[in-house]
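Below is one structure, written out as structure tokens, with a few remarks after it.
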Amino acid sequence: MAQEVRGVIAPGKDEPVRVETIVVPDPGPGEAVVRVQACGVCHTDLHYKQGGITDEFPFLLGHEAAGVVETVGDGVTDVAPGDFVILNWRAVCGRCRACLRGRPWYCFDTHNAEQKMTLANTGQELSPALGIGAFAEKTLVAAGQCTKVDPAVSPAVAGLLGCGVMAGIGAAINTGNVGRGDTVAVIGCGGVGDAAIAGSHLAGAARIIAVDIDDRKLETARTMGATHTVNSTKADPVEAIRDLTGGFGADVVIEAVGRPETYQQAFYARDLAGTVVLVGVPTPEMKLELPLLDVFGRGGALKSSWYGDCLPSRDFPMLIDLHLQGRLNLDAFVTETIRIDEVEKAFERMHHGDVLRSVVVL
Ligand code: APR
Ligand code: ZN
Ligand code: ZN
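Residue 233 in the UniProt record's numbering sits at position 233 of the sequence shown, with consecutive numbering throughout.
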């Protein structure tokens with residue numbers, strides 16, 4: 001039987017979000033209905049609301065979520081009712097060329113639920129944010145979007161691994177391949193940059209240099225594992241990073257802002273043959289000009305990290321285990337927990353840089 005629950009809807013471009021009754025169908029083949037317990041507020045939700053991603057309004061927002069599987073459709077074997085899961089927005093197919101070449105994080109054919117959730121009063125079909133839509137008491141997803149993890153973790157913490165925190169940790173441990181003894185610089189210390197710092201710490205980096213324009217962010221970065229901080233409004237970050245590395249530059253520089261000027265800083269702040277990882281998301285009009293001779297002459301690798309190059313089935317359970325063992329502190333990413341009707345206010349706080357993450361708890 002289809003069910004009616006509450007969910008946060010973005011009705012149209014730049015309109016305030018509101019809580020509405022939505023209809024969640026029974027799961028079809030390969031699908032699951034999840035009772036959402038927590039869902040973090042991410043910049044991408046705000047971008048959906050602003051019409052910056054697609055114009056397929058109305059959206060059901062929310063995508064950094066954890067909860068309990070309630071029912072599954074035909075053919076679902078990997079998860080069962082009662083399982084505690086983190087939702088992911090890259091349910092890989094296992095059959096495309098990227099999957100077959102052993103690089104499923106580049107999968108070309110990721111799956112979302114086939115059926116649509118609808119608005120109860122108008123019957124309008126909803127577009128779930130990143131194929132998830134989890135600012136809702138229940139949501140319908142593809143079963144492959146559910147990754148089972150140890151239920152001892154708090155749902156608010158677990159949900160964050162579903163997006164921004166995984167993106168940052170993965171930028172360090174998967175894309176950047178940070179290793180024991182490395183020097184890492186992270187430019188931009190919001191939720192994603194702080195997660196890159198925590199990931200670098202986890203990977204055994206010897207020095208972690210945090211760069212931001214806001215001293216408050218640098219203080220938090222220290223608690224995440226940064227050993228040095230640079231306020232780039234007060235000092236040239238490239239010179240500061242060189243000074244801290246005997247004149248060489250960092251082995252790995254992670255750009256977590258998504259702007260040409262910070263990418264350029266990252267490019268010049270790395271050691272010869274070092275790696276630059278772009279995890280900040282640029283806008284379509286942004287352009288970068290670099291002397292090609294510098295690209296050639298400095299060697300190394302220029303990489304981008306999409307969703308932290310993660311494989312949810314491999315990375316989520318491992319990171320939750322490390323958190324439960326006290327080796328990775330994910331609690332610090334939850335600034336506040338809020339109710340489902342407080343998402344609009346949370347967007348404002350996020351916009352002003354007041355929070356790492358507000359998490360809706362259901
Ligand atoms: N130099 C250094 N830091 C900067 C600069 C700059 N020129 N401009 C902004 N920042 C800092 C901000 O002060 C803030 O601490 O970058 C940080 C950005 O953090 P958030 O706005 O909280 O964003 P976050 O969620 O961390 O995401 C960062 O990664 O996934 C992408 O879409 C996301 O592009 C975004 C980026
Ligand atoms: Zn695939
Ligand atoms: Zn997100």
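C-beta atoms are modelled at their ideal positions from N, C-alpha and C, and glycine is treated no differently. Quantities reported herein were computed from a predicted structural model and do not represent experimental measurements.
Distance from the CA of T139 to the CA of G300, rounded to the nearest whole angstrom, comes to 43 Å. With a cutoff of 8 Å on beta-carbon distance, G170 and G308 are scored as near each other. In the DSSP assignment, K217 falls outside any beta strand (DSSP E) and within the unbroken alpha helix (DSSP H) covering 215-224. Below 8 Å, too few C-beta pairs join the region 317-336 and the region 15-33 to call them touching: fewer than three. In this model, A273 and P128 are separated by some 42 Å (Cα to Cα). Every beta strand (DSSP E) stretch that sits fully inside the region 30-112 and reaches 3 residues is listed by chain position as 31-40, 64-72, 84-87. Boundaries of the beta strand (DSSP E) harbouring V184: 183-187, taken from the DSSP string.
Taking 7 Å as the cut-off, the C-beta of S305 does not count as close to any heavy atom of ligand 1.
Short of 6 Å from the beta carbon of I86, and not among the five residues preceding or following it, lie these beta carbons of its own chain, in chain order: A66, T147, V149, A158, L161, G162, F316. Residues whose Cβ lies closer than 6 Å to any heavy atom of ligand 3, listed in chain order: C42, T44, H63, E64, C163, G164. Annotation for Q124: no beta strand (DSSP E) segment contains it, and DSSP assigns it neither H nor E. At the C-beta level, A185 and I209 come within 8 Å of one another.
In this structure the region 250-257 lies against the region 180-194, because at least three pairs of beta carbons, one per stretch, are closer than 8 Å.
At the C-beta level, V17 and R6 stay beyond 8 Å of one another.
Nearest Cα to V153 within the set I173, M318, G297, V76: M318. When the alpha-carbon of R180 is set against those of G164, G199, V165, the nearest one is in G199. Of the heavy atoms belonging to ligand 1, at least one sits nearer than 7 Å to the Cβ of E261. With three or more CB-CB distances shorter than 8 Å, the region 59-79 counts as touching the region 29-36. Short note on G188: C-beta closer than 7 Å to some heavy atom of ligand 1. Around L202, the same chain offers L328 as residues with beta carbons nearer than 6 Å, after the five sequence neighbours per side are excluded. According to the DSSP assignment, A171 belongs to no alpha helix (DSSP H), since it is labelled neither H nor E.
Not a single heavy atom of ligand 1 lies less than 7 Å from the C-beta of G249.
Annotation note: the region 269-333 contains the following uninterrupted alpha helix (DSSP H) runs of length 4 or greater, listed N- to C-terminal: 292-298, 312-324. In the three-state reduction of the DSSP assignment, H228 falls in the strand class, which pools E and B. Beta-bridge pairing by DSSP links S358 to E336.
Between ligand 1 and S232, a heavy atom-to-CB distance of less than 7 Å is present.
In the three-state scheme derived from DSSP, where H, G and I count as helix and E and B as strand, L202 is classed as helix.
In this structure, the C-beta of C310 stays at least 7 Å away from each heavy atom of ligand 2. Counted as a single uninterrupted DSSP element, the stretch harbouring L130 is not any beta strand (DSSP E), since DSSP gives it neither H nor E. Membership of V238 in any beta strand (DSSP E) is not indicated; the residue belongs instead to the alpha helix (DSSP H) covering 237-243.
For M117, the number of other beta carbons within 10 angstroms of its own is at least 16, and it is reported as buried.
DSSP, read as helix, strand or coil, puts R349 in helix.
At least 8 Å separates the beta-carbon of A120 from that of C39.
Residue range 138-142 is occupied by the beta strand (DSSP E) that includes L140.
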